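Residue numbers (the working numbering): 75 to 250. For every residue, glycine included, the Cβ atom is placed at its ideal position computed from N, Cα and C. It should be emphasised that the depicted structure is a prediction, and the values quoted were computed from it without experimental measurement. First comes the structure, then the notes that go with it.
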């Protein structure tokens, strides 16, 4: 029998999505400001729309690839974990006022609670602790650390549990 799947209320997810949209708009405005500073005025009318198209297409591609990876992981957790397990996908928590954390998968089972960050990356990657690199051409360049991201998730998850006073029954050692 496959794992049980639970779903979260959509209200908090909508608040989180709104915050993400505001962050995306802020990044877009920063890109426009940089173009205004660095590109001659007679060329801006061409560069800004092209930069917007590129920005939107990269975001859409990355989001599509990420969602596909998360769906694949979710399906495999459901299929390969036994009925003693509970799988909750795309969990959004607010451990402090207006401070959100989005966890791709929370798995709850006999050995404890596992917070899983899914990456649907392609290509060559090297990771040691919090030092991650990806291969671009013939060189290795630093990239965002999923281990650092997951440690932040763990810290905020524990903060959320303490805020909800659920921490008494969960020991720190059982959170993976």
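(request) Assuming residue 214 and residue 167 form a contact by the criterion Cβ under 8 Å, report the distance between their Cβ atoms to the nearest whole angstrom. (result) About 34 Å; that fails the 8 Å criterion.
(request) With a threshold of 16 other CB atoms inside 10 Å of the CB of residue 206, please say whether the residue is buried or exposed. (result) For residue 206, the number of other beta carbons within 10 angstroms of its own is at least 16, and it is reported as buried.
(request) Label residue 124 either buried or exposed according to how many other C-beta atoms from any shown protein chain fall within 10 Å of its C-beta, with 16 as the threshold for buried. (result) Exposed, by the Cβ-count rule.
(request) Put residue 140 into one of helix, strand or coil per three-state DSSP. (result) Note: residue 140 maps to helix in three-state DSSP.
(request) Label residue 79 either buried or exposed according to how many other C-beta atoms from any shown protein chain fall within 10 Å of its C-beta, with 16 as the threshold for buried. (result) Exposed.
(request) Identify which residue in 132, 108 and 223 has its Cα closest to the Cα of residue 121. (result) Selected option, being the one with the closest Cα: 108.
(request) Could you check which residue in 174, 188 and 173 has the C-alpha nearest to that of residue 180? (result) Per the Cα distances, 188.
(message) Can you find the residues in the same chain that come closer than 6 Å, C-beta to C-beta, to residue 75, ignoring five residues on each side of it along the sequence?
(response) For residue 75, where only same-chain residues beyond five positions count, the Cβ hits under 6 Å are 157.
(request) Go ahead and label residue 177 buried or exposed: buried means 16 or more other beta carbons lie within 10 angstroms of its beta carbon, across all protein chains shown. (result) So residue 177 ends up on the buried side.
(message) Please state the DSSP three-state secondary structure of residue 153.
(response) Helix, per DSSP.
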